[in-house]
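J.: Per the working numbering, the very first residue in the sequence shown carries number 60; after that it's consecutive.
We put the beta carbon where it would ideally sit given N, CA and C, even for glycine.
Because the structure is a prediction, the values reported are computed rather than measured.
Handing you a structure now.
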Amino acid sequence: MNTKFLIFLAFLFSAAAHAHKPSDSYLALSVEGASVRGQWDIALRDLEFALGLDSDGNGEITWGELKSKRKEVESYAFSRLNVFSDGKSCALSAADLLVDDHSDGTYAVMRFDADCGGRAPASVEVAYSLFFDIDPTHRGLLRFERGGTAQTGVLSPERPKLAFRAGESSPLAQFTDYLREGVWHIWIGFDHILFLISLLLPSVLILKNRTWKPAERFRDTFWDVLKVVTSFTIAHSITLSLAALSVISLPSRLVESTIALSVVLAALNNLKPVVAERRWAVAFAFGLIHGFGFASVLADLGLPQGTLLLALVGFNLGVEVGQLAIVSAFLPLAYLLRRSGFYRGVVFTGGSAAIALVALVWLAERSLDVKLWP
């Protein structure tokens with residue numbers, strides 16, 4: 060078997076372990092006068108990976124198992140969070156430990172108080188490093204409230220600190236944060252990427268007598284790609300907006316399973332074409348479901364309406380920028396290689412088969428709630 064194909068196949072299977080919604084925690088801080096209170100929602104699956112909460116090894120984390128490791132969880136989490144008031148460190152103390160369901164699973168909910176010296180802070184700074192040492196894709200989604208107004212931010216290994224000052228709110232900064240995160244989420248959203256690539260692979264080919272032949276003109280290829288990408292963009296923008304604004308809500312398992320199914324069908328369509336001329340329609344139909352996947356981060360953050368709209372526009376634009384970067388890198392190279400046996404045999408046929416196989420693993424895992432990939 061071709062060595063390059065084996066490398067490509069290994070990459071696709073390595074992506075299978077990271078195909079679900081990226082790791083996020085939800086941190087809310089509220090300042091009322093001299094009082095600073097917080098709530099921190101952390102996914103049980105992430106805490107299990109870091110601390111091993113499932114003591115009986117049955118694959119399910121019970122309330123009893125979480126409660127028995129409460130001190131360990133709180134110690135682990137609070138050692139990775141620092142709150143500063145006017146430059147001075149605040150002492151964090153745990154209040155309640157609860158559980159709550161988010162769109163992607165069950166979360167531990169830690170409520171806490173921050174002792175900042177008994178004075179109303181003019182500025183509050185948050186330093187965050189949860190899971191960064193074991194998962195560089197992890198993000199902390201922060202909501203900061205003071206006097207009835209809210210500001211938001213995204214904490215990451217590249218930006219582990221955020222500062223908020225009284226009377227200061229920068230919509231541009233919040234917009235930029237979510238623009239950056241939109242780009243990041245499409246780049247690490249392997250299921251979205253593989254769906255898009257499955258639709259792009261035949262763009263440099265033409266189906267004649269049920270056989271794929273090299274396209275003759277770049278102009279034809281360009282317009283074909285433009286229709287596919289535009290349809291996908293319009294579709295997922297519609298449902299991303301509706302889901303983030305809580306107009307429509309679908310179960311996470313249904314959304315993730317259907318996204319995996321869309322990847323399977325798009326890849327198999329390359330091997331045995333059913334829809335060749337109207338792939339833009341396939342992109343639109345399944346793009347509606349992919350939009351719900353993109354929306355899970357924004358919906359779970361629970362932002363006030365005005366801030367949510369700003370985050371929504373920035374995040375959606377970031378997704379488009381990230382998507383265009385992928386297309387811009389793929390299309391010229393694919394067009395140059397379209398006449399070669401390597402492209403048609405390895406990249407197109409072999410790649411489509413490998414994508415379908417990986418997506419079948421995702422489909423089984425998500426629909427049956429089983430773990431087939433370590």
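What ranges does the alpha helix (DSSP H) occupy inside the region 84 to 163, keeping only unbroken runs of at least 4 residues that lie completely in it?
T.: Correct list: 103 to 110, 122 to 127 and 129 to 137.
J.: According to the Cβ coordinates, are glycine 352 and glutamate 315 closer than 9 Å?
T.: Start at 1 with the first residue of the sequence shown, and residue 352 comes out as number 293. Start at 1 with the first residue of the sequence shown, and residue 315 comes out as number 256. Taking 9 Å as the Cβ cut-off, glycine 352 and glutamate 315 qualify as a contacting pair.
J.: Just to confirm my understanding: we take aspartate 283, look at its own chain, exclude 5 residues before and 5 after, and list those with CB closer than 6 Å. What are they?
T.: Translated into positions along the sequence shown, residue 283 becomes position 224. Hits under 6 Å: Ser262.
J.: With DSSP as the reference, identify every bridge partner of lysine 331, one or two as the case may be.
T.: Along the sequence shown, one-based indexing puts residue 331 at 272. Note: lysine 331 sits in no beta bridge, so no partner.
J.: So for alanine 179, helix, strand or coil by DSSP?
T.: Reading the sequence shown from its first residue, position 120 is the one you call residue 179. Residue state, collapsed to three classes: coil.
J.: Three or more beta-carbon pairs under 8 Å between the region 285 to 292 and the region 248 to 268, yes or no?
T.: Counting Cβ pairs under 8 Å, three or more are found: they touch.
J.: In terms of alpha-carbon separation, which member of Glu107, Asp172 and Trp122 lies closest to serine 89?
T.: What you label residue 89 is simply residue 30 of the sequence shown in a count that begins at 1. Ranking the options by Cα distance to serine 89, first place goes to Asp172.
J.: Is tyrosine 85 closer than 9 Å to arginine 139 when the C-beta atoms are compared?
T.: As a first step, residue 139 must be located in the sequence shown, where it is residue number 80. As a first step, residue 85 must be located in the sequence shown, where it is residue number 26. Cβ distance not < 9 Å, so arginine 139 and tyrosine 85 don't count as in contact.
J.: According to the neighbour-count rule (16 or more other Cβ atoms, all chains shown, within 10 Å of its Cβ), is proline 195 buried or exposed?
T.: Position 136 of the sequence shown, counted from the first residue, corresponds to residue 195. With fewer than 16 other Cβ atoms within 10 Å, it is exposed.
J.: When burial is assigned at 16 or more other CB atoms within 10 Å of the CB, is arginine 338 buried or exposed?
T.: As a working note, residue 338 is residue 279 in the sequence shown. Buried is the call here.
J.: Would you be able to state if there are at least three C-beta pairs under 8 Å between the region 209 to 217 and the region 172 to 183?
T.: Touching, no.
J.: Quick check: leucine 427 and valine 420, are their CB atoms within less than 9 Å of each other?
T.: As a working note, residue 427 is residue 368 in the sequence shown. As a working note, residue 420 is residue 361 in the sequence shown. Not in contact: leucine 427 and valine 420 (Cβ atoms no closer than 9 Å).
J.: What is the C-beta distance between phenylalanine 374 and glycine 241, in whole angstroms, given that I count them as a contact (C-beta under 8 Å)?
T.: In the sequence shown, the residue the question calls residue 374 occupies position 315. In the sequence shown, the residue the question calls residue 241 occupies position 182. Yes, phenylalanine 374 and glycine 241 are in contact; Cβ-Cβ is about 4 Å, under 8 Å.
J.: List, from N- to C-terminal side, the alpha helix (DSSP H) runs of 4 residues or more that fit wholly inside the region 377 to 413.
T.: Segments of the alpha helix (DSSP H) lying fully in the region 377 to 413: there are none.
J.: Using a Cβ-Cβ cutoff of less than 6 Å, which residues in the same chain neighbour serine 82 once the five nearest sequence positions on both sides are dropped?
T.: Numbered from its first residue, the sequence shown carries residue 82 at position 23. Only Asp105, Asp194 and His197 meet the Cβ criterion.
J.: Using a Cβ-Cβ distance cut-off of 9 Å, determine whether serine 387 contacts chain B.
T.: Among the chains in the structure shown there is no chain B, since it carries only a single protein chain.
J.: Near isoleucine 348, what residues of its chain come up, given a Cβ to Cβ distance below 8 Å and the 5 sequence neighbours on each side ignored?
T.: For the purposes of this step, residue 348 is identified with residue 289 of the sequence shown, where counting begins at 1. The residues are Thr298, Val314, Thr317, Ile318 and Ser321.
J.: For proline 332 versus leucine 266, is the C-beta distance shorter than 9 Å?
T.: For the purposes of this step, residue 332 is taken as the residue at position 273 of the sequence shown. For the purposes of this step, residue 266 is taken as the residue at position 207 of the sequence shown. Yes; because the gap between Cβ atoms is below 9 Å, this pair is in contact.
J.: Which value, in whole angstroms, describes the spacing of the CA atoms of glycine 176 and serine 387?
T.: Position 117 of the sequence shown holds residue 176. Position 328 of the sequence shown holds residue 387. Roughly 53 Å between the two C-alpha positions.
J.: Quick test of your reading: leucine 110 and lysine 128, contact by CB under 8 Å. State the CB separation rounded to the nearest angstrom.
T.: Locating residue 110 in the sequence shown gives position 51, where the first residue counts as 1. Locating residue 128 in the sequence shown gives position 69, where the first residue counts as 1. Indeed, because the Cβ distance is near 7 Å, the residues count as touching under 8 Å.
J.: Classify isoleucine 289 as helix, strand or coil using the three-state DSSP reduction.
T.: In the sequence shown, counting from the first residue as 1, residue 289 sits at position 230. One detail in the question is off: residue 289 reads as threonine in this sequence, not isoleucine. If DSSP states are grouped into helix, strand and coil, threonine 289 belongs with the helices.
J.: Where does the unbroken alpha helix (DSSP H) through arginine 239 begin, and where does it stop?
T.: As a first step, residue 239 is located in the sequence shown; it is residue number 180 there, counting from the start. It spans 230 to 247 - the alpha helix (DSSP H) in which arginine 239 sits, taken as one unbroken run.
J.: Using a threshold of 9 Å, state whether the C-beta atoms of leucine 214 and tyrosine 166 are closer than that.
T.: As a working mapping, residue 214 is identified with position 155 in the sequence shown. As a working mapping, residue 166 is identified with position 107 in the sequence shown. No.
J.: Classify aspartate 100 as buried or exposed, calling it buried when 16 or more other Cβ atoms lie within 10 Å of its own Cβ.
T.: Counted from its first residue, the sequence shown places residue 100 at position 41. Per the 10 Å Cβ criterion, buried.
J.: Taking C-beta to C-beta, are valine 168 and asparagine 141 nearer than 9 Å?
T.: The count along the sequence shown starts at 1 and reaches residue 168 at position 109. The count along the sequence shown starts at 1 and reaches residue 141 at position 82. No; because the gap between Cβ atoms is not below 9 Å, this pair is not in contact.
J.: From which residue to which residue does the beta strand (DSSP E) around lysine 267 run?
T.: Taking the first residue of the sequence shown as position 1, residue 267 is located at position 208. From DSSP, the beta strand (DSSP E) with lysine 267 extends over 264 to 267.
J.: Between which two residues does the beta strand (DSSP E) harbouring arginine 337 extend?
T.: In the sequence shown, counting from the first residue as 1, residue 337 sits at position 278. Neither: arginine 337 is in no beta strand (DSSP E) and is coded neither H nor E.
J.: If you draw a straight line from the C-alpha of tryptophan 271 to the C-alpha of tryptophan 246, how long is it?
T.: By one-based count along the sequence shown, residue 271 stands at place 212. By one-based count along the sequence shown, residue 246 stands at place 187. For tryptophan 271 and tryptophan 246, the distance between alpha carbons rounds to 29 Å.
J.: Between alanine 302 and phenylalanine 254, is the Cβ-Cβ spacing less than 9 Å?
T.: As a first step, residue 302 is located in the sequence shown; it is residue number 243 there, counting from the start. As a first step, residue 254 is located in the sequence shown; it is residue number 195 there, counting from the start. Against a cut-off of 9 Å, the Cβ pair of phenylalanine 254 and alanine 302 comes out as no contact.
J.: Spell out the partners DSSP gives leucine 214 in its beta bridges.
T.: Numbered from 1 along the sequence shown, position 155 holds the residue referred to as residue 214. Looking at the DSSP assignment, leucine 214 forms a beta bridge with Gly199.
J.: What is the rounded straight-line gap between the Cα of phenylalanine 72 and the Cα of alanine 415?
T.: Along the sequence shown, one-based indexing puts residue 72 at 13. Along the sequence shown, one-based indexing puts residue 415 at 356. Confidence at phenylalanine 72 is low in this model, with a pLDDT of 46, below 50, so the placement of that residue is unreliable and no value is reported for it.
J.: Note the first and the last residue of the continuous beta strand (DSSP E) segment covering leucine 221.
T.: Locating residue 221 in the sequence shown gives position 162, where the first residue counts as 1. 220 to 224 is the extent of the beta strand (DSSP E) around leucine 221.
J.: Who does threonine 165 pair with in a DSSP beta bridge?
T.: Taking the sequence shown and counting its residues from 1, one reaches residue 165 at position 106. Threonine 165 pairs with Asp160.
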